[in-house]
Amino acid sequence: MNKVHPDAIVVGAGISGIAAARKLQSYGHVVEVIEKGRGVGGRMATRRFAGASFDHGAQFFTSRGSEFTELIETANQNGAVKKWTNGFSDKPDGYARWCGSSGMTSLVKWMVAEANIKVRTATTVNDLRDTPANAYVLTAPVPQSLAILSFSQMLPNPRTHIQLSSISYKPTIAILLRLEDSPSMFPEHGGIQFLDHPDLAFVSDNQRKGVSDEPAVTVHLSNSLSESLWEHPDQDVLTETTALIEDYLSGVAISDYQIQRWRYAGPENVWADPTVVWGSKPTIALAGEAFAGPKVEGAFRSGLAAAEKINTALSST
Numbered sequence: 355m356n357k358v359h360p361d362a363i364v365v366g367a368g369i370s371g372i373a374a375a376r377k378l379q380s381y382g383h384v385v386e387v388i389e390k391g392r393g394v395g396g397r398m399a400t401r402r403f404a405g406a407s408f409d410h411g412a413q414f415f416t417s418r419g420s421e422f423t424e425l426i427e428t429a430n431q432n433g434a435v436k437k438w439t440n441g442f443s444d445k446p447d448g449y450a451r452w453c454g455s456s457g458m459t460s461l462v463k464w465m466v467a468e469a470n471i472k473v474r475t476a477t478t479v480n481d482l483r484d485t486p487a488n489a490y491v492l493t494a495p496v497p498q499s500l501a502i503l504s505f506s507q508m509l510p511n512p513r514t515h516i517q518l519s520s521i522s523y524k525p526t527i528a529i530l531l532r533l534e535d536s537p538s539m540f541p542e543h544g545g546i547q548f549l550d551h552p553d554l555a556f557v558s559d560n561q562r563k564g565v566s567d568e569p570a571v572t573v574h575l576s577n578s579l580s581e582s583l584w585e586h587p588d589q590d591v592l593t594e595t596t597a598l599i600e601d602y603l604s605g606v607a608i609s610d611y612q613i614q615r616w617r618y619a620g621p622e623n624v625w626a627d628p629t630v631v632w633g634s635k636p637t638i639a640l641a642g643e644a645f646a647g648p649k650v651e652g653a654f655r656s657g658l659a660a661a662e663k664i665n666t667a668l669s670s671t
């Protein structure tokens, strides 16, 4: 018996990939998502160790457009997300900063479950020809997607390839600190955003945020310091970090820690359009935060745009 292949395969189970899969599935297409990690969410990531939970990727998201706002309102009604705060300065700007109800990954997990999306995790894609389909949506960081497409002999025309190859990313090192007690120097909501600090980008008390039952702090170093410390041993990174946030820790001891290096933490330059599409049988679409906006909502909208283009291609064949 011949195996029935999906109409479309989505590579990457972050919010962009899951948004694309949901939209394609709503059009009646058979879709499969392939994810190299052990779970969904991408950089909307939550990790548990030493009895505590940490948001170690994206710390929050905002909602401006109607389609994403509708999704967030529904997710909120279903207990998947919650409003965290209206800003991180002394003068809130009135825009809600949202987070997952039990960690940032909660939203994507709910999106998968609510639409009953088939996701194959812990699976690495090297050659798309090993997983036949009429269309592919690739949502990994652009350099990784281009590597897959090159191996698969499915690259776009040379001009587009050169333009896509020019997209670069900023690194971020995240330091996860399991503390012996709750620090006292954080604001009530637990989030501190640094807009102009040379060494720090964000510090979050996951316990105050409502992510962790136990004392747990996430530190995001600035892109410049992350790049400087990228090849340094973890102990050096820890030493540098604890010196930077000594006042916020207020003398509380660190009982355990982990380091997460995000090589593709965010694009330095973005593609003007929310997706780029080429080919026929198969049709290829790229999506993600590097397309028309680096925020969580931008990644979501990019996934939807890719799905719309793929649906048009599939419907015309």
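Under my numbering, the first residue of the sequence shown is numbered 355, with each subsequent residue one higher.
Quick reminder that beta carbons are idealized off the backbone N, C-alpha and C, glycines included.
Computed from a predicted model, the values in this text were never measured in an experiment.
Point to revise | alpha helix (DSSP H) segments (min. 4 residues) lying fully within the stretch 573-613 | key: 577-583, 588-598, 600-603
Review point. Can a CB atom of chain B be found closer than 8 angstroms to the CB of Leu583?
Key: Looking at the structure shown, chain B is missing, and only one protein chain is on hand.
Practice item. Counting only the same chain and skipping the five closest in sequence on each side, list residues whose C-beta sits under 6 angstroms from that of Gln413. Key: Phe556, Ser558
Point to revise | Distance, Val387 Cα to Ala661 Cα | key: 13 angstroms
Review point. By Cβ distance below 6 angstroms, which residues in the same chain neighbour Ser370 in space, the five residues on each side in sequence not counted?
Key: Thr493, Ala641, Gly642, Ala653, Ser656, Gly657
Exercise for review: Given a cut-off of 8 angstroms, decide if Ile664 and Ala646 are closer than it, judged by their beta-carbon atoms.
Suggested key: no
Practice item. Note down the Cα distance separating Ala539 from Val394, rounded to an integer number of angstroms. Key: Strictly speaking, residue 539 in this sequence is Met, with Ala absent from that position. So the alpha carbons of these two residues sit roughly 33 angstroms apart.
Practice item. Report yes if the CB atom of Asn488 is closer than 8 angstroms to the CB atom of Leu668, and no otherwise. Key: yes
**Study point:** Through-space distance from Ser670 to Ala528, alpha-carbon basis
**Key:** 45 angstroms
Review point. Excluding the five sequence neighbours on either side, which residues of its own chain have a C-beta within less than 7 angstroms of the C-beta of Gln612, listed in chain order?
Key: Phe403, Leu530
Exercise for review: Alpha carbon to alpha carbon, how far is Arg562 from Gly433? Give it in angstroms, no decimals.
Suggested key: 18 angstroms
**Study point:** Rounded separation between Thr666 and Val435 - CA only
**Key:** 32 angstroms
Check your understanding: Can you give the Cα-Cα distance for Tyr523 and Trp584, rounded to whole angstroms?
Key -> 14 angstroms
Review point. Mind checking Gly366: buried by the 16 CB within 10 Å criterion, or exposed?
Key: buried
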